[in-house]
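Colleague:
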Amino acid sequence: MYSKLFTRSIKQQRFMQRRNYVVAKNDLRANDSKGLIFAGLAVLGAGGYYYYKKANEDDTQDNPMVAEKVSSDKSKPDWESKLEQGSKDTNKDTSRLVGKDTDKVKGVWENKDKDDQVSRTPASVNEQNEGSSFWNNFWITGSNEKRPSTGNPMVDEKLYPGKTKTEKDERMEAYANDVIHDTSNLVEKDTDKIKSVWEKRSKPNITDSPNEEKKSFWSSLFGSSKEKEADASWNSAKDKLNDAKEDTASTAHRDAQRLSGAWGDAKHAASAESDRLKQDANATWDRAKDRAYADVNSVKNQAESTWNHASAKANNAYDSAQEESARLKREASDEYNYQKNRLSGSINGLHREVSENADRWKDQAEHKAKSWYEKGTEQVKSGLSTVKDTASQDIQWAERKVQDSLSTAKGEVDRLFGKNETGPTGLQGHFVRGENFAEEEEGVLRPTRDELGRVPARVIVEHARGSDIVLFLSSRPLLTRPTLRLRPPTAYRPFSLTTAQKEQYLHGYKDDRRHHGHYPSRTHYCSDLSVSNEGEKVVLCGWAQSTRSLSQDLIFIPLYDHSGTAQLVFRNGNQQLKLQIQSLSAESVICVEGIVRKRPEGMANKKQKTGEIEVEINTLYCLNPASPSLPFWPSQTQMPNEEVRLRYRYLDLRREELQHNIRLRSITANTVRNYLIDNGFTEIETPMLFKSTPEGAREFIVPTRKKGNFYALPQSPQQHKQMLMAAGFDRYFQIARCFRDEDLRADRQPEFTQIDLEMSFVKAKDIQNIIEGMVTAIWDKALSIKLTKSSFPHMTYHEAMSKYGSDKPDVRFSMHINDIGSYVKDAIGDASVDCMVVKQGSKLTGGELKAMQKELELTEDKNFAFVKINENNMHSWPSKCPQLRHSQRIGAIETELNQKLDIQQGDLVVTYKRPAYLYGGNTTMGRIRLYLSNLLQNKGLLKLDPERYKFLWIESFPLFTPDEAGIRTWQSTHHPFTAPFDEDIPLLATEPEKVRGQHYDLVLNGMEIGGGSIRIHSPVMQTFILEKVLQLERHEYQRFDHLIDALGGGCPPHGGIALGFDRLMAILCQASSIRDVIAFPKAAGGKDYVVNSPSEVTTAQLNEYGLKLAQDQN
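Residue 1 is where the sequence shown starts when you use full-length UniProt numbering, and the numbers rise one by one after that.
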């Protein structure tokens, strides 16, 4: 340790007396590794000269450090010894131990210095050096000769061979030198401390002679007595170094010659091997060329042989075909002659048979014709007689009444038929209308009548003028009575008919096709029957479908109701029942009594629930026959267009699909009620007649008879339910009817139903939990599907718009949108570039992509581009896009983009440049994504997630969006009652576009089924948003005063949501339109074809409400 200490000290102080020693030492470091090793050995040999003596004196008590090393009684406490031992084992940090040892040495040295000063005589420097000091007694062993001292005991220890260290200490120092890597910082600390002590110790004594030559510390260390020995050691080391250099140079020279010879041999061998390989390659090429020529010639010869063989076969086939054709012609001619002769014989035989039976057939035909004529004559006579009798009675009645009714006939006719009644009037009109009605009834009933002896409906004569009767009867020869004379009217008396009399005339015909009276009560629905009911007597009611007659005594009739279909069978031989069944038209309403029978073996229909049984008819009641000229049958396969089905909705609703939808709607509504009531909600009905407010969509206005005052049908119960929260009903719900005058689409109606609810003292997550539980209950009840909490993930508005291009994304397929604008900022500036990779998109045809551009209005849009990826443009496709090709980075970004977007050959890359600010419901790329996904699904190139129902919560909408109408700066994204996020409230007055609203939408399979928010409950904030942000005029936001007053009356924090019930049912029923889940929906344009509404009103009605239609500007 001390050798290292003083070596470092020597380097720092630079007290080297021999310049050549320093230069030689530096040269020694510059030599190669072997020289350094020898030099190091020499230096160690020289240094070992100073440590060859062993200390054996007992005066170590003057030095505590030496005493500690040689004595068995250690002065250090155990904890310091353990600390030192741990430091030696771990070789980490011994600075604390070194510092403590240094302090001990310093204290001993100071005490010894005081003793020396007391005992030192100021005679001379030599006397001072001869004095007995602590270090002299410590280092000098067993010799009485006086040794020159340098004044530094530690240097004396290095100069003289007498050692005081034990072998154990030397081994410890050697071990430290080997294993301790860096203790320079520790040694430096000890050096600094010892140096400060030494400097104090080495100050010159004031009694020293001024002329005495002073020797420095370093000159004493390397005194003249040792210079020769150092020179000898150095020269020896230098000689060894030179020998090592010569040996190294000689060895290197020999190795170089040996390597040169090896290189020549290797070069020669490589050249020979190269020549050999070249010769082998030439020989191989010659052999391959000869083999190829031989193969070509062989193939050519084989082809010629094959061609000749094929030509021969073709010629043979042609000859065979000619022979076969001639043979077939001969056979056909023979067959023709044979058939001709046979038919001639048959015709002659038939001619003979007709000649023989002609007279008999003639007699039979004349007899049948005469019988038909006689029966027809009788029926005609009977009919004419009946008509004459009826007309005579009506004329007599008219003669009696015409005298009294002439004065009021015209007014009554005007009242009954209107002033502008077109067509025949008076009695003639009555006769014409009566005949038309009779003809219609005859046309409906005639195809299914069992007999021809029916009397047409009795004509109705009512409120007719006598002159009309005379004119009409005179024009009807069958009704003319030659002796009929009419007396002129002599008096005018008013009259009226009783209700009973009117009913008698209206029902003057006999209706025996409909059963009037008692019929048995239904015992089962059609689908309730099974084999277990075999032999039971049942009563079924429903609609009969077309009959199927397999024989005279076997007729089948399918009968259906809302539950399903059951097969009826007739086989008992009852002719009256048979005629009744044969007269039934499809869709007639019947009631049947019969016995349940098991179908014969092999006749079961496994596709039908009741396919194993049939009902044998005993009695049939025709409750109401259907017209045979229905526009369509609900059971037919090919249905007419939607307009016809909506016009005859009562027929369309009989279809099994719509029956299921409407009934499932009822079950779902009941499930919603039960769930919400179980969770503490109260169902409250809000008014249907509301007031007009600037809430969003156009409203339906309802006029009143108080001129200038109107109601408005509510767009939602929003304001009423917020006031209910102020009233203390902290959990409200309602299955509400709402109205909006909007443009109609497949998923919109002017009147619709929503599940509306509101809650107080809640946060957004509380409302979402309620809705998730309700939806889970609906899916379990309606579809038997179990949903979990993980079925409702969350996504921000910005992520949905940037990744899917829509605020209601369909996440059943990927096709993500990526913003690559950062790669081409030099070309697009602050804009963004949406990029979408469509896997296998190259399989789409150019016509399909052009049709997409036309439908989405992208044909002339320069911001749009698409590229089909192939091997030629795989690394250059950005240059094909107009938005990207002007960037200076083209050529350097393709590889990175291909890796990031996973672009492969066969993909379709679509790009669109858009503004960086996202708002609204979708982006252009979002519409492209949906269009292409539908196209790929139709072509079988894209499959949706097997999980059919993908829910998603969309949150953090912008509270305000730019007013596209340009009237104001901002408009509410949803409605003006949504509360902002608390941290965004300071931005309301400065940066409204950055304010996020506490709004949340529930999306299912790309369709929004619900939306809600936490509401503003502060009247101050509500007024600020209406007036300052939305910039409503005073008269506009005054219409919300009732709500603001309610907020100021102690309204708690609250929020709510509304779910579109019609859209929800369309998804549950997998219907393509919400019209398929509504009983009586409106068609496009709000038209109701069933009742033909909306309809015009009369001028009198307009005047009553103080309204006047505006003139058409065109």
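For every residue, glycine included, the Cβ atom is placed at its ideal position computed from N, Cα and C.
1) Residues in its own chain within less than 8 Å of L935 by CB, not counting five upstream and five downstream?
2) So, are the CB atoms of I1057 and L1002 less than 9 Å apart?
3) May I ask you to report which of helix, strand or coil DSSP gives C835?
4) Q608: which of I581, R885, A626 and S527 sits nearest, CA to CA?
5) Exposed or buried, what is Q998 when buried is set at 16 or more other beta-carbons lying within 10 Å of its beta-carbon?
6) What does the alpha-carbon distance come out to for the pair V824 and A269?
7) Report buried or exposed for Q322, applying the criterion of at least 16 other Cβ atoms within 10 angstroms of its Cβ.
8) Mapping the DSSP letters down to three states, classify N618 as helix, strand or coil.
9) Quick one: is D766 buried, meaning 16 or more other Cβ sit within 10 Å of its Cβ, or exposed?
10) By how many angstroms is the C-alpha of F1040 removed from the C-alpha of P687?
11) Which runs of the alpha helix (DSSP H) fall wholly inside the region 971-1026 and span at least 4 residues, in chain order?
12) When the cut-off is 9 Å and only beta carbons count, does S585 lie next to chain C?
13) Using a Cβ-Cβ cut-off of 6 Å (strictly less than) and excluding sequence neighbours within five positions of V762, which residues of its own chain qualify?
14) How is the alpha helix (DSSP H) around L930 delimited, first residue to last?
15) What does P958 pair with, by DSSP beta-bridge criteria?
16) Quick check on this structure: which residue in A764, A736 and Y1105 has the alpha carbon closest to the alpha carbon of T753?
17) Can you name the residues that DSSP bridges to K868?
18) Where does Q1031 fall in DSSP's three states?
19) Note down the Cα distance separating S1093 from K1087, rounded to an integer number of angstroms.
20) D295 to L884, Cα distance in whole Å?
21) With burial defined as no fewer than 16 other Cβ atoms inside 10 Å of the residue's Cβ, what is the status of M774: buried or exposed?
22) Under three-state DSSP, which class holds M874?
23) Could you give the C-beta distance for S832 and R889, rounded to a whole number, given that I count them as a contact under 8 Å?
24) Which residues bound the alpha helix (DSSP H) around W779?
25) Counting along the chain, where does the alpha helix (DSSP H) carrying N641 start and finish?
26) Taking only the alpha-carbon atoms, compute the straight-line gap between E685 and Q734 and give it to the nearest angstrom.
27) Runs of 4 residues minimum, wholly inside the region 558-642: which ones carry the alpha helix (DSSP H) assignment?
28) Going by DSSP in three states, D73 sits in which element: helix, strand or coil?
29) Is the beta carbon of P976 sitting closer than 9 Å to the one on I1025?
30) What is the DSSP secondary structure of A281, reduced to helix, strand or coil?
31) Looking at the secondary structure, which residues open and close the alpha helix (DSSP H) in which E657 lies?
32) Below 8 Å on the Cβ atoms is my guess for L623 versus H524; work out the distance and round it to an integer in Å.
33) Assign Q13 to one of three DSSP states: helix, strand, or coil.
34) Just the Cα atoms here: how many angstroms apart are E955 and F813?
35) Are M1065 and T668 touching if we call contact CB-CB under 9 Å?
36) Should Q722 and E758 be called a contact, given that it needs their Cβ atoms to be closer than 9 Å?
Modeller: In terms of the structure at hand:
1) L844, E848 and M852
2) A contact, by the Cβ cut-off of 9 Å.
3) strand
4) S527
5) Q998 should be labelled buried.
6) 58 Å
7) exposed
8) strand
9) By the C-beta density criterion, D766 is exposed, having fewer than 16 other C-beta atoms within 10 angstroms.
10) Using only the alpha carbons, I get a separation of about 16 Å.
11) 1019-1024
12) Of the chains in the structure shown, none is chain C; there is only one protein chain.
13) Hits under 6 Å: G1055.
14) T924 to N938
15) R996
16) Per the Cα distances, A736.
17) According to DSSP, K868 shares a beta bridge with L908.
18) coil
19) 6 Å
20) 54 Å
21) buried
22) The answer is coil: DSSP assigns M874 none of H, G, I, E or B.
23) About 16 Å; that fails the 8 Å criterion.
24) Start and end: A764 to L783.
25) Per DSSP, N641 belongs to no alpha helix (DSSP H) and is neither H nor E.
26) 6 Å
27) 575-582
28) Since pLDDT at D73 reaches only 49, below the 50 mark, its modelled position is unreliable, and the value read off the structure follows with that caveat. Looking at D73 - three-state DSSP - the assignment turns out to be coil, as it is neither helix nor strand.
29) A contact, by the Cβ cut-off of 9 Å.
30) In this structure, A281 counts as helix in the three-state DSSP scheme.
31) E656 to D678
32) Actually they are not in contact, since the Cβ atoms of L623 and H524 sit about 17 Å apart, beyond 8 Å.
33) Per-residue confidence for Q13 stands at a pLDDT of 44, beneath the threshold of 50, marking its modelled position as unreliable; no derived number is given.
34) 21 Å
35) Yes, Cβ-Cβ distance for M1065 and T668 is below 9 Å.
36) yes
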